[in-house]
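In UniProt numbering, the protein residues as written are 1 to 102. This report refers to the structure that appears directly beneath it.
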């Protein structure tokens, strides 16, 4: 496994976690207490991790020789909440060798 792929996996999960923090902050801002502190904290964190994720997708594309379609799906998966985790699981599963029947 390339180091680019390992960093991609970490960034994909971190991006999903930062989405959860941002959504929780938005819930408290707009529904519970109308306080912006959660969004002020998790907004920049999510934005930074979002950018790191995009860079790691491009690094993994080169290191893992992903197709154009896979790379575009990886980049697009940064937009909907938690889809980076789905995409990470998908490409990790595709990388693993098929089990040998007994």
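Idealized CB from N, CA, C, for every residue including glycine.
In the three-state DSSP reduction, residue 77 falls in the coil class, being neither helix nor strand. In this structure, the straight-line span from the alpha carbon of residue 86 to that of residue 49 is close to 17 Å. Setting aside the 5 residues that flank it on each side, residue 92 is surrounded in the same chain by 9, each with a C-beta closer than 8 Å to its C-beta; the list follows chain order.
Per DSSP, reduced to three states, the secondary structure at residue 6 is helical.
Segment contact: the stretch 69-76 against the stretch 29-45, fewer than three CB-CB distances shorter than 8 Å; contact not assigned.
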